[in-house]
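Enquirer: Positions 2 to 200 (my numbering) are the ones given, in order, by the sequence shown.
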Amino acid sequence: MNPNKFLIVGLGNIGPEYEKTRHNAGFMVVDALVGDTTAFEPRRYGSIARIKVKNKEVVVLKPSTFMNLSGNAVRYWMKEEAVPLERLLVIVDELALPFGELRLKSKGSAGGHNGLKHIETTLGTSAYARLRVGIGNDFPKGGQVDFVLSKFEEEEAKHLPQVCQDGAEIVKSFCLSGIERTMNQFNTKKKKDGRPAED
């Protein structure tokens, strides 16, 4: 087992109708992480890209299973690449955070997110790292599904590349410095208005 190998999973739904939607924030962050120099290749249960972060070998996965069956792809590629739970990081959209806020957690509940629910069920644990990407929650009662499957507003879309780049930096730090140090460094950053970021 290679102690320098990591599996980074960006959650989303495949297909042109889902491109650039809020629910695909995980896909967008891993696209920023991989950049233009490396292509994703279609493989079993998803598309895979391989990058180096200094001396770390990073396997980047975009599941093709659709959100509700994400666990199948995660379990398969963890086994295929012999990556243990502590070197898995899942990137996911988060309604409970304002747009653009990024929060790294070492474990936690699925919080109603179907992708995380399926991963937890499939792996039999919620003790895996996840990077939550805030997408806001400005929707009327009963409008959650339409909201998460909608595209970002024009003003949000302007800031999206920077949010994804910031997310990519957190992923790199996770691989190089570990979960605790990365949480301490990035989760305590203040919001733009100077207030401490909330959990």
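A virtual CB, placed ideally from N, CA and C, is assigned to each residue, including glycine. Computed from a predicted model, the values in this text were never measured in an experiment.
1) From which residue to which residue does the alpha helix (DSSP H) around ASP147 run?
2) Mapping DSSP to helix, strand and coil, what is ASP94?
3) Do the stretch 85 to 99 and the stretch 112 to 122 touch if we need at least three Cβ pairs shorter than 8 Å?
4) Exposed or buried, which one is PRO43 when buried takes at least 16 other CB atoms within 10 Å?
5) Out of ASP139, ALA50, GLU58, ALA40, which has the shortest C-alpha to C-alpha gap to ARG23?
6) Is it right to say GLY168 is buried, meaning 16 or more other beta carbons lie within 10 angstroms of its own, or is it exposed?
7) Between the C-alpha atoms of PRO4 and ALA128, what's the straight-line distance to the nearest angstrom?
8) Given a threshold of 16 other Cβ atoms within 10 Å of its Cβ, counted over all protein chains shown, does ASP147 qualify as buried or as exposed?
9) Mind reading off the beta-carbon distance from ILE39 to ALA50? Whole number of angstroms is fine, and I expect it under 8 Å.
10) Between which two residues does the alpha helix (DSSP H) holding PRO43 run?
11) On a Cα-Cα basis, can you pick out the residue from PHE28, VAL10, PRO141, SER107 that is closest to PRO17?
12) Can you tell me whether PRO202 is buried or exposed? The criterion is at least 16 other CB atoms within 10 Å of its CB, across all chains shown.
13) What separation, rounded to the nearest whole angstrom, lies between the Cα atoms of VAL61 and LYS142?
14) In the DSSP assignment, what are the bridge partners of LYS6?
15) With DSSP as the reference, label VAL134 as helix, strand or coil.
16) Which residue from LEU103, VAL59, ARG182 puts its Cα closest to that of LEU161?
17) Throw me the rounded Cβ distance for the ARG131 and PHE7 pair, which I believe falls under 8 Å.
18) Below 8 Å on the Cβ atoms is my contact criterion, and I expect VAL164 with GLY112 to pass it. Report the Cβ-Cβ distance as a whole number of Å.
19) Just mark LEU86 as buried or exposed, buried being the case when its beta carbon has 16 or more other beta carbons within 10 Å.
Expert: From the atom records:
1) It spans 145 to 149 - the alpha helix (DSSP H) in which ASP147 sits, taken as one unbroken run.
2) strand
3) yes
4) exposed
5) ASP139
6) buried
7) Computed Cα separation, rounded: 19 Å.
8) exposed
9) Before going further, note that residue 39 is Thr rather than Ile in the sequence given. Contact holds; Cβ gap of about 5 Å.
10) No alpha helix (DSSP H) holds PRO43; the beta strand (DSSP E) holding it covers 42 to 44.
11) PHE28
12) Outside the shown range of the chain, which is 2 to 200, sits residue 202, and nothing can be said about it.
13) Between VAL61 and LYS142, the C-alpha separation is close to 35 Å.
14) GLU58
15) In the structure shown, VAL134 falls within a strand segment according to DSSP collapsed to helix, strand and coil.
16) LEU103
17) Going by Cβ atoms, the distance from ARG131 to PHE7 rounds to 14 Å, so no, they are not a contact pair.
18) With a Cβ gap of about 19 Å, VAL164 and GLY112 do not count as contacting.
19) exposed
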